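**Student:** In our numbering, the protein residues as written are 29 to 284.
Just so you know, even glycine gets a beta-carbon here, dropped at the ideal spot from N, CA and C.
As the structure is a prediction and not an experimental result, all values here were calculated from the model.
My structure is below; once you've seen it, I'll send some questions.
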Amino acid sequence: MNAVSSILKQTILELQNLPSIAQFALGGGTNLALRYNHRISIDIDFIAPEIIGRIGFEQIIKEVESLYGKKQVNAMLLNTQLDEQFLFLKMFISKDNEVIKVEFLQNMKCLFNPDFNNDIRLIHKIDIGLFKLMSASNRFAKKDIYDLDYITDEMSLVDLFHHFKIKCEQFNLPEHQTIFDLDMEINPIDKPELLLAFDNVESSKQNSPSHSNDRIEVLGSSKTWIEAKISWRSKVRRLYDYLGKDFPKPKGIKIK
């Protein structure tokens, strides 16, 4: 069984061939599911580093409706009451008796150029890791931790954290803000303990995208959630050693 279905792959390729989506690349968990085949992913997240604004999003809607038919596409342009850099597009495409959720995020700055997997344009895995560090520190989703554990099997969390600092220094102006800044997100550089807060229950953010659900459907010989969680905690412990900080004690346990 594949982590990404054939219909999802086909839809990604069809959408990426549209002129209005030329500057977008695939992000999110589906990006990593294509790379690692570790867990099932059913949504499509397209990411662009630039601001395309209302005109750009309306062109996407027009081209997608032309491709699949208006009746097969339910498109919602959100945050229209805010500045154009905070707009994002969510749509549901009905195709072959399935409904596929697709989100288009703009102004998502990256450090690396996209790469390709079977002709699918992908956000670089380090950039995915940087997005997920921020997400894991604010939305506490188990999927983010599970994905981050796979990314940091290939590069250390310390190195990923170093790239995160570079990104924060490089993109720190008002024009670099995204929909996620509307929620006053906390930077893990300031509070690395948030990288351990994934067992907390947090409601969805009002202004920004979130996971459809946080259930992890592991494939084949992939790590279990428990294995990934233990592995991740050990990596965060090494990060704390690197930062010269004391690793947080388990809650509810008194250590004399």
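#1: In three-state terms, what does DSSP make of GLU230?
#2: Just to confirm my understanding: we take GLU213, look at its own chain, exclude 5 residues before and 5 after, and list those with CB closer than 8 Å. What are they?
#3: Evaluate HIS66 with the Cβ neighbour count: other Cβ atoms within 10 Å of its Cβ, from every protein chain shown; 16 or more gives buried, anything less gives exposed.
#4: Near ASN145, what residues of its chain come up, given a Cβ to Cβ distance below 7 Å and the 5 sequence neighbours on each side ignored?
#5: Under 8 Å: do the stretch 169-180 and the stretch 145-161 share three or more Cβ pairs, one atom per stretch?
#6: State yes or no: is the C-beta of ILE194 within less than 8 Å of the C-beta of LEU139?
#7: Helix or strand or just coil, what does DSSP make of SER259?
#8: Only counting runs of 4 or more residues, tell me where the alpha helix (DSSP H) segments fall wholly within the stretch 75-150, in order along the chain.
#9: Taking PRO142 as the reference, give the member of PRO278, GLN100, ASN59 with the closest Cα.
#10: By how many angstroms is the C-alpha of ASN107 removed from the C-alpha of PHE114?
#11: In whole angstroms, what is the alpha-carbon distance linking ASP175 and GLY57?
#12: Could you check if GLN134 is buried or exposed, using at least 16 other CB atoms within 10 Å of its CB as the buried criterion?
#13: Buried or exposed: SER231, going by 16 or more other Cβ atoms within 10 Å of its Cβ?
#14: Using a Cβ-Cβ cut-off of 8 Å (strictly less than) and excluding sequence neighbours within five positions of LYS123, which residues of its own chain qualify?
#15: Using the three-state DSSP reduction, which class does ILE70 fall into: helix, strand or coil?
#16: My assumption, with CB atoms under 8 Å, is that LEU117 sits in contact with GLU131. Please give the rounded CB distance.
#17: Please check the pair GLN44 and GLU78, which I expect to be a contact at CB under 8 Å, by giving their CB distance rounded to whole angstroms.
#18: Count the other C-beta atoms from every protein chain shown that fall within 10 angstroms of the C-beta of LEU201, then say buried if there are 16 or more, exposed otherwise.
#19: Taking C-beta to C-beta, are LEU185 and ARG266 nearer than 8 Å?
#20: Who are the Cβ neighbours of PHE120 in its own chain at under 6 Å, not counting the five residues just before and after it?
#21: Where do the ends of the alpha helix (DSSP H) carrying ILE173 lie?
#22: So, helix, strand or coil for VAL246, using DSSP?
#23: By DSSP, does ALA53 sit in helix, in strand, or in coil?
#24: Applying the 10 Å Cβ sphere with the 16-neighbour rule, what's the burial state of GLU255?
#25: Going straight from the alpha carbon of GLU112 to that of LYS98, what length do you get?
#26: Among residues of its own chain, excluding the 5 on either side of GLU42, which ones have a beta-carbon nearer than 8 Å to its beta-carbon?
#27: Would you identify the three-state DSSP class for HIS239, choosing helix, strand or coil?
#28: So is MET136 buried or exposed if we call it buried at 16+ other beta carbons inside 10 Å?
**Tutor:** Taking the structure as given:
#1: Here residue 230 refers to the residue found at position 202 of the sequence shown. Note that GLU230 scores 49 on pLDDT, short of 50, meaning its location in the model is unreliable; the coordinates nonetheless yield the value given after this. GLU230: coil per DSSP, three-state reduction.
#2: In the sequence shown, the residue the question calls residue 213 occupies position 185. Here the set comprises MET162, SER165, ASN166.
#3: One-based indexing of the sequence shown puts residue 66 at position 38. Result: buried.
#4: Residue mapping note: residue 145 aligns to position 117 of the sequence shown, counting from 1. Only LEU62, ARG63 meet the Cβ criterion.
#5: yes
#6: For the purposes of this step, residue 194 is taken as the residue at position 166 of the sequence shown. For the purposes of this step, residue 139 is taken as the residue at position 111 of the sequence shown. Yes; because the gap between Cβ atoms is below 8 Å, this pair is in contact.
#7: By one-based count along the sequence shown, residue 259 stands at place 231. Helix, per DSSP.
#8: 81-96
#9: Residue numbering aside, residue 142 sits at position 114 when the sequence shown is read from its first letter. Nearest C-alpha to PRO142: ASN59.
#10: The residue you call residue 114 lines up with position 86 of the sequence shown. The residue you call residue 107 lines up with position 79 of the sequence shown. Straight-line Cα distance between these residues: approximately 6 Å.
#11: As a first step, residue 175 is located in the sequence shown; it is residue number 147 there, counting from the start. As a first step, residue 57 is located in the sequence shown; it is residue number 29 there, counting from the start. Straight-line Cα distance between these residues: approximately 7 Å.
#12: Taking the sequence shown and counting its residues from 1, the one referred to as residue 134 is at position 106. The residue is buried, with at least 16 neighbouring Cβ atoms inside 10 Å.
#13: Here residue 231 corresponds to residue number 203 of the sequence shown, with the count starting at 1. Bear in mind that a pLDDT of 44 at SER231, under 50, signals an unreliable position, so the model cannot answer this.
#14: Taking the sequence shown and counting its residues from 1, one reaches residue 123 at position 95. Excluding positions up to five away in sequence, the list reads ILE35, THR39, TYR96, GLN100.
#15: Counted from its first residue, the sequence shown places residue 70 at position 42. If DSSP states are grouped into helix, strand and coil, ILE70 belongs with coil.
#16: Within the sequence shown, numbered from 1, the residue matching residue 117 stands at position 89. Within the sequence shown, numbered from 1, the residue matching residue 131 stands at position 103. Confirmed, about 7 Å.
#17: Position 16 of the sequence shown, counted from the first residue, corresponds to residue 44. Position 50 of the sequence shown, counted from the first residue, corresponds to residue 78. Not confirmed; about 16 Å, so no contact.
#18: Counting from 1 along the sequence shown, the entry for residue 201 is found at position 173. Exposed is the call here.
#19: The sequence position of residue 185 within the sequence shown is 157, counting from 1. The sequence position of residue 266 within the sequence shown is 238, counting from 1. Cβ atoms of LEU185 and ARG266: closer than 8 Å.
#20: Taking the sequence shown and counting its residues from 1, one reaches residue 120 at position 92. Cβ within range, chain order: ASN102, VAL127, LYS129.
#21: Translated into positions along the sequence shown, residue 173 becomes position 145. Here the alpha helix (DSSP H) through ILE173 covers 170-182.
#22: Against the sequence shown, residue 246 aligns to sequence position 218. Strand at VAL246.
#23: Looking up residue 53 in the sequence shown gives position 25. Three-state DSSP puts ALA53 in a strand.
#24: Position 227 of the sequence shown, counting from 1, holds the residue named residue 255. Burial call: exposed.
#25: Numbered from its first residue, the sequence shown carries residue 112 at position 84. Numbered from its first residue, the sequence shown carries residue 98 at position 70. Distance between the alpha carbons of GLU112 and LYS98: 25 Å.
#26: Sequence index remark: in the sequence shown, residue 42 carries index 14 (1-based). Only LEU95 meet the Cβ criterion.
#27: Within the sequence shown, residue 239 is the residue found at index 211, counting from 1. Residue confidence is low: HIS239 scores 48 on pLDDT, short of 50, so the model does not pin down where it sits. No coordinate-derived value is stated.
#28: Within the sequence shown, the letter at position 108 stands for residue 136. That one is buried.
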